[in-house]
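One structure is given below, encoded as structure tokens.
Residue numbers (our numbering), protein chains in the order written: chain A, 1 to 159; chain B, 160 to 580.
So this is what it looks like as structure tokens:
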């Protein structure tokens, strides 16, 4: 079952599109589920399909096509580190090494307490702030250094 | 340096507000169009005179594109802004979205008026959520102030704009993949023809332009196309935002006239990072062939100059590499990217990008074979030009550029199983 909060958000999104094009809201619907639960389970996709009047397979196709959807639990705080060329030149390798040192996880892994997950990102369109990461696809942190990463983790530890 | 045209609100504490945009002449162009009841032909003529070419990377003349929209079509037509900025190195549109969202809204409203469109969508790159939120707020602000919605500025012109967020797919920067994505599908590019002007979003006539392209429109209408053209050089009119990233002291976005010498832009970015020498530059986003630093130092940043040197201006994203950069490692990362982002629809791209990545990967890891370099070039020839969209070409060009200028580094890697640098 989609929560009332999610259906309210989807309804607001649906107003952007023609009444007969409910499928246009599928990307947003998947995003809302991930924001609430941290990841998207097949049962959520079925719920979205029912709500938008789509084939379940069509929702699955979208969920698996776009990289930013978590199709398995990725921790309460998913850190996505861009490793593309501008970030690589500016030290994204050091970013990953420092996060590994601090949290003991590599790409695609989650800390045993389920608090942090680490993902590799493709170009985030903020290359002048390289190297950078996003937190839960919402907040972007750039020009990372070991100290700055420590600060970010200290902030997140408080939450 | 001239006063900025695109990022003209940056001197305010809150550059993104309607109030501040109005202080720098915001919405005057839209006001003029509506007050003078300018004809579509007159607006398109002005845009053509400006020499404005698509700022997303392809450089297609904007006025010409607008003229493709059917005039007498009965029914819904759409206008779409491509803010899905994911070409590695490029981050200029993000600054327009977050610092000058109303300039984009005004540009799109003028375009919508010109082409008889009532609904527009702005497709925002998934990773820049803060810019998406900024756009959502700006649209709401514009709606309340009567710049979007019904009876805009008291006229009978009606246009509303909605933001649609991507969620991590480079290929959606291709305009028909982007349309599929708005329709709630996998972002796989469509076969063309039919082109979007006849069969676009939801099967209706649609025009798609880049964020920076739309943002250039208000100035062109307010000040005249010729004035915009004269800022640049022949065949490359106007100003352009360049993103400079990589090994420079002060990476950033810089708004300069088209045709500005690369040497000057590099200076604006604080020069190559301290204590290092310029080695190579990718002049227009990661898909464009790399050029050696000494060639770049003599080039101007406009379409023709870069093309004569064997690369392209693309999106205007300049990636600077100093002498510590291993070109094999750089190419390995780029090839991984195209492999990862291939939508899988066309066999040459789906399979070929995997081949490219695996071969460069094995060279980087000391397992390269002498015949690999010719194999790479052979693969490129079998990918480029044989796919529905340009992602195939985008995967091949960096490989061809690297092997053209830095083949010796690849040979060294294969022979000695380690880096030359």
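Beta carbons: idealized from backbone N, C-alpha and C, even for Gly.
- Our two residues, residue 152 of chain A and residue 296 of chain B, have alpha carbons roughly 27 Å apart in a direct line.
- If you ignore the 5 residues before and after residue 479 of chain B, its C-beta comes within less than 6 Å of the C-beta of 405, 406, 407 and 440, all in its own chain and listed in chain order.
- Put simply, of B:432, B:391 and B:540 the residue whose alpha carbon is nearest the alpha carbon of residue 409 of chain B is B:432.
- In this structure, the beta-carbon distance from residue 390 of chain B to residue 167 of chain B does not fall below 8 Å.
- Measuring C-alpha to C-alpha distances from residue 516 of chain B to each of B:344, B:358 and B:554 identifies B:554 as the nearest.
- Assignment of residue 313 of chain B by DSSP, reduced to helix, strand and coil, places it in the helix class.
- Using beta-carbon distances, residue 98 of chain A does not count as an interface residue toward chain B, since no partner is under 8 Å.
- Taking C-beta separations shorter than 7 Å and ignoring five residues to either side along the sequence, the partners of residue 489 of chain B in its chain run 480, following chain order.
- When B:274, B:370, B:579 and B:513 are compared, the shortest CA-CA separation from residue 192 of chain B is found for B:274.
- For residue 117 of chain A, the enclosing beta strand (DSSP E) begins and ends at 116-121.
- Taking the C-beta atoms as reference points, residue 455 of chain B is found no nearer than 8 Å to residue 472 of chain B.
- Counting C-beta pairs closer than 8 Å gives fewer than three between the segment 527-545 of chain B and the segment 412-425 of chain B, which falls short of the contact rule.
- Under the Cβ criterion of 8 Å, residue 102 of chain A is not counted among the residues facing chain B.
- Within 7 Å of the CB of residue 134 of chain A, the CB atoms of chain B belong to 286, in sequence order along the chain.
- Against chain A, the CB of residue 326 of chain B has a partner CB under 8 Å away; the residue lies at that interface.
- For residue 266 of chain B against residue 444 of chain B, the beta-carbon gap comes to about 22 Å, at or over 8 Å, which does not count as contact.
- A Cβ-Cβ contact shorter than 8 Å links residue 552 of chain B with residue 543 of chain B.
- For residue 71 of chain A, not one C-beta of chain B is nearer than 8 Å to its own C-beta.
- Residue environment: residue 80 of chain A is assigned as buried (16 or more neighbouring CB atoms within 10 Å of its CB, all protein chains considered).
- For the segment 242-259 of chain B, residues whose beta-carbon sits nearer than 8 Å to a beta-carbon of chain A comprise 244, 245, 246, 247, 248, 249, 250, 252 and 253.
- For the pair residue 119 of chain A and residue 107 of chain A, the Cα-to-Cα distance works out to about 5 Å.
- Here the C-alpha atom of residue 491 of chain B lies approximately 11 Å from the C-alpha atom of residue 498 of chain B.
- Around the C-beta of residue 174 of chain B, 16 or more other C-beta atoms lie within 10 Å, and the residue is accordingly described as buried.
- Any Cβ of chain B closer than 8 Å to the Cβ of residue 127 of chain A would place that residue at the interface, and such an atom is present.
- Residue 272 of chain B is not a Cβ neighbour of residue 239 of chain B, given a cutoff of 8 Å.
- DSSP, read as helix, strand or coil, puts residue 238 of chain B in strand.
- The DSSP-derived three-state label of residue 541 of chain B is helix.
- Residue 500 of chain B and residue 122 of chain A do touch by the CB rule: their CB atoms are close to 7 Å apart, below 8 Å.
- Within chain A, the C-beta atoms nearer than 7 Å to that of residue 321 of chain B come from 16, in chain order.
- For residue 405 of chain B, the enclosing beta strand (DSSP E) has its first and last residue at 398-405.
- Minimum Cα-Cα distance from residue 49 of chain A among the listed residues A:127, A:36, A:85 and A:10 corresponds to A:10.
- By the criterion of a C-beta distance shorter than 8 Å, residue 55 of chain A is surrounded in its chain by 49, once the five residues flanking it on both sides are discounted.
- Residue nearest to residue 130 of chain A within the set B:403, B:177 and B:218 is B:403 (criterion: CA-CA distance).
- For residue 493 of chain B, at least one C-beta of chain A is nearer than 8 Å to its own C-beta.
- For residue 1 of chain A, not one C-beta of chain B is nearer than 8 Å to its own C-beta.
- Pairing residue 284 of chain B with residue 339 of chain B gives a Cβ-Cβ distance that is not under 8 Å.
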